[in-house]
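Reviewing the structure listed below.
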Amino acid sequence: MKYINLREIPDIKDEAAEWFHSKWGVPKEAYLECMENYLNNETEFGWYLCLDEDRIAGGLGVIDNDFHERKDLSPNICAVYTEEEYRCKGIAGQLLDLAVNDLKTKGVTPVYLITDHTSFYERYGWEFFCMVNEENNSKTTRMYIHR
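Letter by letter, the sequence shown follows residues 0 to 146 in numbering that gives the first Met the number 0.
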């Protein structure tokens, strides 16, 4: 397994955007825009992948806001996903650590994420922070913080 940020292998941008789109249903163009901003050094909010040879086994991104009303809680880890056959091997944890440590080296801390999971992220140093409303509806979800 190889863990990278997208700047290390920028040629897989289109494949990565399509992969994230297939997992979360967010338009591919939205992923491409964020990835291009990262690749063009317009932001340090990056994209991180775990590769098994040429196959994407897992990934996540960092964006300003992950579709919630608390715009002051930024940046956000988003789109955390590991392919089913690769789960329970620590891939998501490695990706989370890679992203958080990369951001810390750039002076970006704390980092936030929203999730419905109640125990997964604590294993990797995340703490429950508060409940937040999702954007454009009244549903609430859990916000975690990594300091």
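Here a beta-carbon is modelled for each residue, glycine too, at the ideal position from N, C-alpha and C. Computed from a predicted model, the values in this text were never measured in an experiment.
Burial is judged here by how many other beta carbons sit within 10 angstroms of a residue's own beta carbon; residue 67 has at least 16 and is buried.
In this structure, the straight-line span from the alpha carbon of residue 124 to that of residue 133 is close to 24 Å. Cα atoms of residue 60 and residue 120: separation of roughly 15 Å, rounded to the nearest angstrom. Where residue 48 is concerned, there is no enclosing alpha helix (DSSP H), although the beta strand (DSSP E) around it starts and stops at 46-51.
For residue 104, the closest alpha carbon among the candidates 34, 45, 2 is that of 45. Relative to the Cα of residue 128, the nearest Cα in the group 69, 14, 94, 2 belongs to 69.
Residue pairing by DSSP places residue 110 opposite 145 in a beta bridge. If you draw a straight line from the Cα of residue 95 to the Cα of residue 84, it comes to about 19 Å. Residue 108 sits exposed, since fewer than 16 C-beta atoms from the chains shown fall within 10 Å of its C-beta.
Taking residue 63 as reference, the option from 18, 88, 30, 50 with the minimal CA-CA separation is 30.
Contact annotation: residue 51 and residue 0 have beta-carbon atoms nearer than 8 Å. The DSSP-derived three-state label of residue 99 is helix.
Annotated three-state conformation of residue 43 is coil, per DSSP.
Under the criterion of beta carbons closer than 8 Å, residue 82 and residue 56 qualify as touching, at roughly 5 Å.
Using a 10 angstroms sphere on the CB of residue 75, the tally of other CB atoms reaches 16 or more, which defines it as buried.
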